[in-house]
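Residues 1 to 263 in UniProt numbering are what the sequence shown spells out, letter by letter. Below is one structure; the comments refer to it alone.
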Amino acid sequence: MSTLKIASWNINSVRARVPIVGRFLDEEQPDILCLQETKAEDKVFPADLFTSRGYVHHALNGQRMHHGVAILSRIPLEEPGRHDWQDNGEARHVGARLPNGLRLENVYVPAGGDIPDRTLNPKFGQKLDFIERMTRWSEGLKEPTLIVGDFNVAPLDCDVWSHKALVDVVSHTPIEIEALSRLQAAHDWVDLGRKFIPAPERCFTWWSYRSPDYTKNDRGRRLDHMWASPSVAMQATMHKVHEPCRAWERPSDHVPLVVELSL
């Protein structure tokens, strides 16, 4: 292999989206697919969907009806592990090392509820604490790493359809953005999305189900991310947001991201 193609997608129930996951794999042919919000215990995860296509290496961290993450790979996954950054046993992280030494981490950050105040809304506090635990982990990170997933934060003004309308809405509040900035600084993470699609260029990865046609008002947010250690970012040759997937039959409200690394 001269290149490595890695995809990440909050699928919002993998068993409900089997047709579009299969279509994406067939069309895009990534070497590795990271899923978030699988909503399936490991014992009922639709493994055949992936093994039949050559993704025979699986690192799963599932949970019934909620959360859940998975790494499906055509290349071996070594030393799989889980971090409980939620500190309550929720299935929100799984990681593994690839044969080339790259560490791949797949994370689903809590959404944080509706009120951006940890006193009035404990879920918001749990989200901030989750990001803080990721920050402490990042400070000690020595390995070349790619971390992908649904961070549930749109950090830049241009990462949402209207900064003015959303500045007090969870996912785009100053306190969340500051927390994510500290996380990024803790390892000098490179935001591959904005490396390849520079601000203020439009780049959204999520659109609410509330709009029957997400394209009409285009009220999107960039909640999904791929961050790389500086050395890994130098190997990145392509990054793509697969926006057309949002219009597929029975879609997730998120779309996949794909990065290609030179080896």
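Virtual Cβ for every residue (Gly too), placed ideally from N, Cα, C.
| task | Locate the beta strand (DSSP E) running through residue 321, then write down its first and last residues. | result | A query on residue 321 cannot be resolved here, the shown segment of the chain reaching from 1 to 263 and no further.
First and last residue of the alpha helix (DSSP H) that includes Asn-10? For this step, residue 10 is matched to residue 10 along the sequence shown. Not the alpha helix (DSSP H): Asn-10 falls in the beta strand (DSSP E), residues 3 to 10.
*Quick one: Cα of Arg-92 to Cα of Asn-61, how far?*
For this step, residue 92 is matched to residue 92 along the sequence shown. For this step, residue 61 is matched to residue 61 along the sequence shown. Their Cα atoms are separated by approximately 8 Å.
**Message:** Closest to Asn-12 by C-alpha separation, out of Arg-133, Ser-252, Arg-246, would be which residue?
**Reply:** As a first step, residue 12 must be located in the sequence shown, where it is residue number 12. Comparing C-alpha distances from Asn-12 to each of Arg-133, Ser-252, Arg-246 shows the shortest one belongs to Ser-252.
(message) One question on the structure: do Ser-73 and Asp-42 come within less than 9 Å of each other, judged by their Cβ atoms?
(response) Numbered from its first residue, the sequence shown carries residue 73 at position 73. Numbered from its first residue, the sequence shown carries residue 42 at position 42. Contact: no.
Worksheet item: For His-83, which three-state DSSP category applies?
Response: Translated into the one-based positions of the sequence shown, residue 83 becomes position 83. DSSP, reduced to helix, strand and coil, places His-83 outside both helices and strands of the structure shown, so it counts as coil.
Worksheet item: Cβ atoms of His-254 and Asn-10: under 9 Å apart, would you say?
Response: The residue labelled residue 10 in the question sits at position 10 within the sequence shown. The residue labelled residue 254 in the question sits at position 254 within the sequence shown. Contact: yes.
Discussion item. In this structure, how does DSSP classify Cys-245 when only helix, strand and coil are distinguished?
Written reply: Sequence index remark: in the sequence shown, residue 245 carries index 245 (1-based). Three-state DSSP puts Cys-245 in a helix.
Q. Where residue 298 and Val-169 are concerned, what is the direct C-alpha to C-alpha distance, given to the nearest angstrom?
A. Absent from the structure is residue 298, since the part of the chain shown begins at 1 and ends at 263.
ask   = Can you tell me whether Ser-211 is buried or exposed, with buried defined as 16 or more other CB within 10 angstroms of its CB?
value = Translated into the one-based positions of the sequence shown, residue 211 becomes position 211. By the neighbour-count rule (16 or more Cβ atoms within 10 Å), Ser-211 is not buried but exposed.
**Report entry** Classification of Leu-120 by the beta-carbon crowding that lies within 10 angstroms, buried from 16 upward
**Finding:** Here the question's residue 120 lines up with position 120 in the sequence shown. That one is exposed.
query = Would you call the stretch 243 to 252 and the stretch 20 to 34 touching, i.e. three or more CB-CB distances under 8 Å?
reply = Short answer: they touch.
Open item on the list: For Tyr-108, report the span of its beta strand (DSSP E) as first-last.
Closed with: If you number the sequence shown from 1, residue 108 lands on position 108. 103 to 108 is the span of the beta strand (DSSP E), which, as asked, contains Tyr-108.
Exercise for review: Give the single residue among Leu-257, Arg-250, Val-167, Val-259 whose Cα lies nearest to the Cα of Ala-16.
Suggested key: Here residue 16 refers to the residue found at position 16 of the sequence shown. Taking only the C-alpha atoms, the option nearest Ala-16 is Arg-250.
- For Arg-221, three-class secondary structure by DSSP: Taking the first residue of the sequence shown as 1, we reach residue 221 at position 221. Reduced to three states, the DSSP call for Arg-221 is strand.
Continuous beta strand (DSSP E) stretch holding His-60: start and end = Residue numbering aside, residue 60 sits at position 60 when the sequence shown is read from its first letter. This sequence places Leu at residue 60; His is not what is there. Residues 57 to 61.
Where Ile-75 sits in the DSSP three-state scheme: The residue labelled residue 75 in the question sits at position 75 within the sequence shown. It is coil, neither helix nor strand.
Run the CB neighbour count on Ser-262, radius 10 Å, all protein chains shown included, and call it buried at 16 or more, exposed below. Here residue 262 refers to the residue found at position 262 of the sequence shown. Exposed, because fewer than 16 other Cβ atoms sit within 10 Å of the Cβ of Ser-262.
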